[in-house]
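Quick note: the sequence shown, position 208, residue 208 per full-length UniProt numbering, numbers continuous.
Built from N, CA and C at the ideal position, the CB exists for glycine as well.
Given the structure is predicted, the values throughout are model-derived calculations rather than measurements.
Reading through the C-alpha coordinates given below for one structure.
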Amino acid sequence: MSDTDPGPIVQRILLGADLRDAREAAGLTNAEASKALGWYTGKLSKVEQGDMKVSDKDLTKVAKVYRIPEDRAGTLRLLATDSRRKLPPARVPEHSVKYVNLERAAIELKTFSSDHFLGIVQTADYARAMLERSVTASAADVDRMAEDRAQRMERMKGPNAPRLWLIVGEEALYREIGGPEVLRAQLEHIKELAKLPHVCVQVIPFDGGAHASHGTTFTIVTLLEGRPGIVYVEGLTASDYLGREHFRVYNLAFENLRANTLSQQRTLERINRRIKELK
1 MSDTDPGPIV QRILLGADLR DAREAAGLTN AEASKALGWY TGKLSKVEQG DMKVSDKDLT
61 KVAKVYRIPE DRAGTLRLLA TDSRRKLPPA RVPEHSVKYV NLERAAIELK TFSSDHFLGI
121 VQTADYARAM LERSVTASAA DVDRMAEDRA QRMERMKGPN APRLWLIVGE EALYREIGGP
181 EVLRAQLEHI KELAKLPHVC VQVIPFDGGA HASHGTTFTI VTLLEGRPGI VYVEGLTASD
241 YLGREHFRVY NLAFENLRAN TLSQQRTLER INRRIKELK
(Lines of atoms letter the chains of each structure in order from A and count residues from 1; the text may use other names and numbers.)
(Lines give C-alpha, C1' and ligand atoms only; values in the text may rest on other atoms or scores of the structure.)
Protein backbone atom coordinates (compact mmCIF):
# COMPACT_ATOMS: atom_id res chain seq x y z
CA MET A 1 0.00 0.00 0.00
CA SER A 2 1.05 3.57 -0.60
CA ASP A 3 0.15 4.66 2.93
CA THR A 4 0.61 2.86 6.25
CA ASP A 5 -2.92 3.89 7.28
CA PRO A 6 -5.41 3.15 4.48
CA GLY A 7 -8.13 5.09 6.26
CA PRO A 8 -11.60 4.11 7.51
CA ILE A 9 -13.27 4.11 4.09
CA VAL A 10 -10.87 1.51 2.75
CA GLN A 11 -11.16 -0.53 5.95
CA ARG A 12 -14.95 -0.55 5.56
CA ILE A 13 -14.50 -1.92 2.05
CA LEU A 14 -12.11 -4.63 3.27
CA LEU A 15 -14.48 -5.51 6.12
CA GLY A 16 -17.42 -5.69 3.72
CA ALA A 17 -15.48 -8.01 1.40
CA ASP A 18 -14.59 -10.28 4.33
CA LEU A 19 -18.22 -10.41 5.45
CA ARG A 20 -19.37 -11.21 1.96
CA ASP A 21 -16.86 -14.08 1.77
CA ALA A 22 -18.13 -15.35 5.14
CA ARG A 23 -21.76 -15.19 3.99
CA GLU A 24 -20.99 -17.12 0.83
CA ALA A 25 -18.96 -19.68 2.82
CA ALA A 26 -22.04 -20.15 5.01
CA GLY A 27 -24.10 -20.86 1.87
CA LEU A 28 -26.45 -17.92 2.37
CA THR A 29 -27.85 -15.64 -0.31
CA ASN A 30 -28.14 -11.92 0.35
CA ALA A 31 -31.88 -12.27 0.93
CA GLU A 32 -31.50 -15.24 3.27
CA ALA A 33 -28.81 -13.53 5.31
CA SER A 34 -30.79 -10.28 5.55
CA LYS A 35 -33.81 -12.17 6.86
CA ALA A 36 -31.75 -14.12 9.41
CA LEU A 37 -30.11 -10.90 10.61
CA GLY A 38 -33.39 -8.98 10.75
CA TRP A 39 -31.98 -6.22 8.56
CA TYR A 40 -33.97 -4.06 6.17
CA THR A 41 -33.62 -4.65 2.44
CA GLY A 42 -30.42 -3.14 1.12
CA LYS A 43 -28.54 -2.84 4.42
CA LEU A 44 -26.46 -5.97 3.86
CA SER A 45 -25.54 -4.85 0.34
CA LYS A 46 -24.35 -1.49 1.69
CA VAL A 47 -22.27 -3.22 4.37
CA GLU A 48 -20.68 -5.60 1.87
CA GLN A 49 -19.87 -2.74 -0.49
CA GLY A 50 -18.25 -0.72 2.29
CA ASP A 51 -20.87 2.02 2.17
CA MET A 52 -22.10 1.60 5.75
CA LYS A 53 -20.38 1.44 9.13
CA VAL A 54 -20.86 -1.78 11.12
CA SER A 55 -21.58 -1.56 14.85
CA ASP A 56 -20.18 -4.10 17.31
CA LYS A 57 -23.74 -5.27 17.98
CA ASP A 58 -24.38 -5.92 14.29
CA LEU A 59 -21.04 -7.67 13.87
CA THR A 60 -21.79 -9.99 16.79
CA LYS A 61 -25.09 -10.92 15.14
CA VAL A 62 -23.35 -11.52 11.79
CA ALA A 63 -20.71 -13.75 13.42
CA LYS A 64 -23.44 -15.86 14.99
CA VAL A 65 -25.54 -16.23 11.83
CA TYR A 66 -22.51 -16.95 9.62
CA ARG A 67 -20.89 -19.17 12.27
CA ILE A 68 -17.62 -17.24 12.11
CA PRO A 69 -14.96 -18.67 14.50
CA GLU A 70 -14.24 -16.46 17.51
CA ASP A 71 -10.63 -15.73 16.58
CA ARG A 72 -11.72 -14.55 13.14
CA ALA A 73 -14.62 -12.58 14.64
CA GLY A 74 -12.15 -10.81 16.94
CA THR A 75 -10.06 -9.71 13.95
CA LEU A 76 -13.19 -8.44 12.21
CA ARG A 77 -14.20 -6.45 15.29
CA LEU A 78 -10.85 -4.67 15.29
CA LEU A 79 -11.26 -3.88 11.60
CA ALA A 80 -14.80 -2.63 12.24
CA THR A 81 -13.56 -0.34 15.04
CA ASP A 82 -10.91 1.17 12.77
CA SER A 83 -13.46 1.57 9.97
CA ARG A 84 -15.58 3.85 12.16
CA ARG A 85 -12.85 6.46 12.63
CA LYS A 86 -13.19 9.97 11.24
CA LEU A 87 -10.53 11.68 9.12
CA PRO A 88 -10.19 15.33 8.04
CA PRO A 89 -12.12 16.01 4.82
CA ALA A 90 -10.20 15.64 1.56
CA ARG A 91 -9.94 18.58 -0.84
CA VAL A 92 -12.09 16.93 -3.48
CA PRO A 93 -15.81 16.91 -4.29
CA GLU A 94 -17.80 14.90 -1.75
CA HIS A 95 -18.54 12.15 -4.26
CA SER A 96 -14.77 11.64 -4.82
CA VAL A 97 -13.67 11.34 -1.18
CA LYS A 98 -14.02 7.57 -1.18
CA TYR A 99 -11.89 7.30 -4.32
CA VAL A 100 -9.04 9.40 -2.93
CA ASN A 101 -8.86 7.08 0.09
CA LEU A 102 -8.87 4.05 -2.20
CA GLU A 103 -6.10 5.59 -4.28
CA ARG A 104 -3.91 6.10 -1.22
CA ALA A 105 -4.30 2.46 -0.19
CA ALA A 106 -4.01 0.89 -3.64
CA ILE A 107 -1.27 -1.50 -4.69
CA GLU A 108 -2.25 -1.08 -8.35
CA LEU A 109 -4.20 1.47 -10.40
CA LYS A 110 -5.34 0.95 -13.99
CA THR A 111 -6.69 4.15 -15.53
CA PHE A 112 -8.20 5.14 -18.86
CA SER A 113 -9.25 8.50 -20.23
CA SER A 114 -9.72 9.40 -23.88
CA ASP A 115 -9.15 13.16 -23.97
CA HIS A 116 -7.29 14.33 -20.85
CA PHE A 117 -4.94 13.23 -18.09
CA LEU A 118 -6.68 12.21 -14.88
CA GLY A 119 -6.26 13.93 -11.51
CA ILE A 120 -3.75 11.41 -10.19
CA VAL A 121 -1.13 12.54 -12.76
CA GLN A 122 -2.02 16.21 -13.18
CA THR A 123 0.36 19.09 -12.55
CA ALA A 124 -1.02 21.95 -10.47
CA ASP A 125 -1.41 24.24 -13.51
CA TYR A 126 -3.11 21.57 -15.61
CA ALA A 127 -5.45 20.73 -12.72
CA ARG A 128 -6.19 24.41 -12.13
CA ALA A 129 -7.10 24.92 -15.79
CA MET A 130 -9.56 22.03 -15.61
CA LEU A 131 -11.03 23.02 -12.26
CA GLU A 132 -11.59 26.61 -13.39
CA ARG A 133 -13.98 25.26 -16.02
CA SER A 134 -15.74 22.96 -13.57
CA VAL A 135 -19.39 23.67 -12.80
CA THR A 136 -19.15 21.95 -9.39
CA ALA A 137 -15.88 23.28 -7.91
CA SER A 138 -16.15 26.70 -6.26
CA ALA A 139 -13.66 29.38 -7.27
CA ALA A 140 -12.45 29.60 -3.66
CA ASP A 141 -11.45 25.92 -3.70
CA VAL A 142 -9.74 25.75 -7.09
CA ASP A 143 -6.18 26.54 -5.96
CA ARG A 144 -6.27 24.15 -2.99
CA MET A 145 -7.77 21.37 -5.07
CA ALA A 146 -5.19 21.89 -7.81
CA GLU A 147 -2.31 21.69 -5.33
CA ASP A 148 -3.84 18.57 -3.81
CA ARG A 149 -3.91 16.90 -7.23
CA ALA A 150 -0.26 17.85 -7.78
CA GLN A 151 0.64 16.29 -4.43
CA ARG A 152 -1.19 13.11 -5.43
CA MET A 153 0.94 13.01 -8.58
CA GLU A 154 4.12 13.40 -6.53
CA ARG A 155 3.09 10.40 -4.42
CA MET A 156 3.11 8.35 -7.60
CA LYS A 157 6.87 8.94 -7.75
CA GLY A 158 7.51 7.79 -4.18
CA PRO A 159 9.04 4.49 -3.00
CA ASN A 160 5.69 3.08 -1.81
CA ALA A 161 3.68 4.17 -4.83
CA PRO A 162 1.26 1.68 -6.40
CA ARG A 163 1.79 0.12 -9.82
CA LEU A 164 0.24 2.54 -12.30
CA TRP A 165 -1.08 1.65 -15.75
CA LEU A 166 -2.04 4.85 -17.55
CA ILE A 167 -3.81 4.62 -20.91
CA VAL A 168 -4.94 7.79 -22.69
CA GLY A 169 -6.32 8.60 -26.08
CA GLU A 170 -4.01 10.57 -28.38
CA GLU A 171 -6.38 13.51 -28.04
CA ALA A 172 -5.00 14.07 -24.53
CA LEU A 173 -1.68 15.00 -26.15
CA TYR A 174 -3.36 17.66 -28.29
CA ARG A 175 -6.11 19.18 -26.17
CA GLU A 176 -4.41 22.36 -24.92
CA ILE A 177 -5.89 22.47 -21.43
CA GLY A 178 -4.45 25.64 -19.89
CA GLY A 179 -2.74 26.55 -23.16
CA PRO A 180 0.42 25.28 -24.92
CA GLU A 181 2.83 25.94 -22.05
CA VAL A 182 0.68 24.18 -19.45
CA LEU A 183 0.15 21.20 -21.75
CA ARG A 184 3.86 21.00 -22.52
CA ALA A 185 4.72 20.95 -18.80
CA GLN A 186 2.06 18.28 -18.26
CA LEU A 187 3.54 16.12 -21.00
CA GLU A 188 7.04 16.57 -19.54
CA HIS A 189 5.74 15.24 -16.23
CA ILE A 190 4.07 12.30 -17.93
CA LYS A 191 7.33 11.53 -19.71
CA GLU A 192 9.20 11.50 -16.39
CA LEU A 193 6.56 9.28 -14.81
CA ALA A 194 6.85 6.85 -17.70
CA LYS A 195 10.52 6.30 -16.89
CA LEU A 196 9.69 4.87 -13.45
CA PRO A 197 9.74 1.06 -13.14
CA HIS A 198 6.27 0.87 -11.58
CA VAL A 199 4.58 3.09 -14.17
CA CYS A 200 3.39 2.17 -17.67
CA VAL A 201 2.08 4.92 -19.97
CA GLN A 202 0.53 4.07 -23.33
CA VAL A 203 -1.40 6.04 -25.94
CA ILE A 204 -4.26 4.89 -28.16
CA PRO A 205 -3.53 6.56 -31.51
CA PHE A 206 -6.10 8.48 -33.54
CA ASP A 207 -5.91 5.87 -36.29
CA GLY A 208 -6.43 2.97 -33.86
CA GLY A 209 -10.09 2.62 -34.77
CA ALA A 210 -12.79 1.51 -32.35
CA HIS A 211 -11.92 0.35 -28.85
CA ALA A 212 -13.73 -1.03 -25.81
CA SER A 213 -14.42 2.13 -23.82
CA HIS A 214 -15.67 5.00 -25.97
CA GLY A 215 -17.17 7.72 -23.80
CA THR A 216 -16.23 6.04 -20.51
CA THR A 217 -13.39 7.12 -18.24
CA PHE A 218 -12.59 4.69 -15.44
CA THR A 219 -10.03 3.54 -12.90
CA ILE A 220 -9.61 0.01 -11.57
CA VAL A 221 -8.28 0.07 -8.00
CA THR A 222 -6.64 -3.05 -6.56
CA LEU A 223 -6.23 -3.07 -2.77
CA LEU A 224 -5.04 -6.62 -2.15
CA GLU A 225 -3.28 -9.15 -4.36
CA GLY A 226 -5.58 -11.92 -5.49
CA ARG A 227 -8.79 -9.98 -4.86
CA PRO A 228 -10.97 -8.38 -7.52
CA GLY A 229 -10.49 -4.65 -7.78
CA ILE A 230 -13.00 -1.82 -7.38
CA VAL A 231 -13.99 0.11 -10.49
CA TYR A 232 -14.34 3.88 -10.09
CA VAL A 233 -16.40 5.78 -12.65
CA GLU A 234 -16.84 9.53 -12.10
CA GLY A 235 -19.52 11.86 -13.44
CA LEU A 236 -20.10 15.58 -12.95
CA THR A 237 -22.13 15.27 -9.76
CA ALA A 238 -21.76 11.66 -8.65
CA SER A 239 -19.50 8.63 -8.76
CA ASP A 240 -20.02 4.91 -9.04
CA TYR A 241 -17.93 2.36 -7.16
CA LEU A 242 -18.52 -0.93 -8.91
CA GLY A 243 -17.77 -4.21 -7.17
CA ARG A 244 -16.62 -7.56 -8.40
CA GLU A 245 -19.75 -8.21 -10.47
CA HIS A 246 -18.47 -5.45 -12.79
CA PHE A 247 -14.73 -5.98 -12.32
CA ARG A 248 -14.43 -8.72 -14.94
CA VAL A 249 -16.03 -6.57 -17.65
CA TYR A 250 -13.93 -3.48 -16.94
CA ASN A 251 -10.75 -5.49 -16.60
CA LEU A 252 -11.50 -7.14 -19.95
CA ALA A 253 -12.12 -3.69 -21.44
CA PHE A 254 -8.79 -2.47 -20.05
CA GLU A 255 -6.95 -5.43 -21.60
CA ASN A 256 -8.71 -4.67 -24.89
CA LEU A 257 -7.54 -1.06 -24.63
CA ARG A 258 -3.97 -2.19 -24.01
CA ALA A 259 -4.12 -4.28 -27.17
CA ASN A 260 -4.97 -1.11 -29.13
CA THR A 261 -2.22 1.09 -27.70
CA LEU A 262 1.18 2.07 -28.99
CA SER A 263 4.11 0.36 -27.28
CA GLN A 264 5.71 2.22 -24.39
CA GLN A 265 8.62 3.20 -26.63
CA ARG A 266 6.39 4.48 -29.43
CA THR A 267 4.24 6.26 -26.83
CA LEU A 268 7.29 8.16 -25.54
CA GLU A 269 8.26 9.01 -29.10
CA ARG A 270 4.76 10.39 -29.71
CA ILE A 271 4.91 12.42 -26.47
CA ASN A 272 8.37 13.79 -27.32
CA ARG A 273 7.19 14.80 -30.78
CA ARG A 274 4.24 16.64 -29.30
CA ILE A 275 6.46 18.40 -26.73
CA LYS A 276 8.66 19.69 -29.57
CA GLU A 277 5.59 20.96 -31.42
CA LEU A 278 4.56 22.96 -28.36
CA LYS A 279 7.91 24.76 -27.95
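Report yes or no: is there a C-beta of chain D within less than 8 Å of the C-beta of H189?
The displayed structure is made up of one protein chain only, and chain D is not part of it.
Would you check if the distance between the CB atom of A129 and the CB atom of G208 is smaller than 8 Å?
Start at 1 with the first residue of the sequence shown, and residue 129 comes out as number 129. Start at 1 with the first residue of the sequence shown, and residue 208 comes out as number 208. Going by C-beta atoms, A129 is not nearer than 8 Å to G208.
To the nearest angstrom, report how far apart Q122 and R258 are at their CA atoms.
Here residue 122 refers to the residue found at position 122 of the sequence shown. Here residue 258 refers to the residue found at position 258 of the sequence shown. Going by the C-alpha atoms only, they are around 21 Å apart.
Beta-carbon separation of G16 and E48 under 8 Å?
Position 16 of the sequence shown, counted from the first residue, corresponds to residue 16. Position 48 of the sequence shown, counted from the first residue, corresponds to residue 48. In contact: G16 and E48 (Cβ atoms closer than 8 Å).
For Y232, the first and last residue of its enclosing beta strand (DSSP E):
Your numbering for residue 232 matches position 232 in the sequence shown. First-last of the beta strand (DSSP E) with Y232: 230 to 234.
Which one of I204, E269, Y250, T237 has the shortest CA to CA distance from K110?
In the sequence shown, counting from the first residue as 1, residue 110 sits at position 110. The residue with the shortest Cα to Cα distance from K110 is Y250.
Residue range of the unbroken alpha helix (DSSP H) whose run includes Y241:
For this step, residue 241 is matched to residue 241 along the sequence shown. Careful: Y241 lies outside any alpha helix (DSSP H), inside the beta strand (DSSP E) at 239 to 242.
Whether F247 touches V221 by CB criterion (8 Å):
As a first step, residue 247 is located in the sequence shown; it is residue number 247 there, counting from the start. As a first step, residue 221 is located in the sequence shown; it is residue number 221 there, counting from the start. In this structure, V221 does not lie closer than 8 Å to F247 by Cβ.
In three-state terms, what does DSSP make of F218?
Within the sequence shown, residue 218 is the residue found at index 218, counting from 1. The answer is strand: DSSP assigns F218 an E or B state.
Which word fits E24, buried or exposed, when buried means at least 16 other C-beta atoms lie within 10 angstroms of its C-beta?
Locating residue 24 in the sequence shown gives position 24, where the first residue counts as 1. Exposed, by the Cβ-count rule.
Compute the Euclidean distance between the alpha carbons of K35 and L28, then round it to the nearest angstrom.
Here residue 35 corresponds to residue number 35 of the sequence shown, with the count starting at 1. Here residue 28 corresponds to residue number 28 of the sequence shown, with the count starting at 1. Taking the straight line from one Cα to the other gives about 10 Å.
Can you look up R163 in the DSSP assignment and give me helix, strand or coil?
Counting from 1 along the sequence shown, the entry for residue 163 is found at position 163. Strand.
Three-state secondary structure assigned by DSSP to I271
For this step, residue 271 is matched to residue 271 along the sequence shown. DSSP places I271 in helix when its eight states are reduced to three.
Could you please give the first and the last residue of the uninterrupted beta strand (DSSP E) stretch that includes S113?
For this step, residue 113 is matched to residue 113 along the sequence shown. Taken as a continuous stretch (DSSP letters only), the beta strand (DSSP E) holding S113 covers 108 to 113.
Round the Cβ separation of Y126 and V182 to the nearest angstrom and send it over; I've been treating them as touching at under 8 Å.
Here the question's residue 126 lines up with position 126 in the sequence shown. Here the question's residue 182 lines up with position 182 in the sequence shown. Right, the Cβ-Cβ distance comes to about 6 Å (below 8 Å), so this counts as a contact.
Do L268 and A185 have their C-beta atoms within less than 8 Å of each other?
For the purposes of this step, residue 268 is identified with residue 268 of the sequence shown, where counting begins at 1. For the purposes of this step, residue 185 is identified with residue 185 of the sequence shown, where counting begins at 1. Against a cut-off of 8 Å, the Cβ pair of A185 and L268 comes out as no contact.
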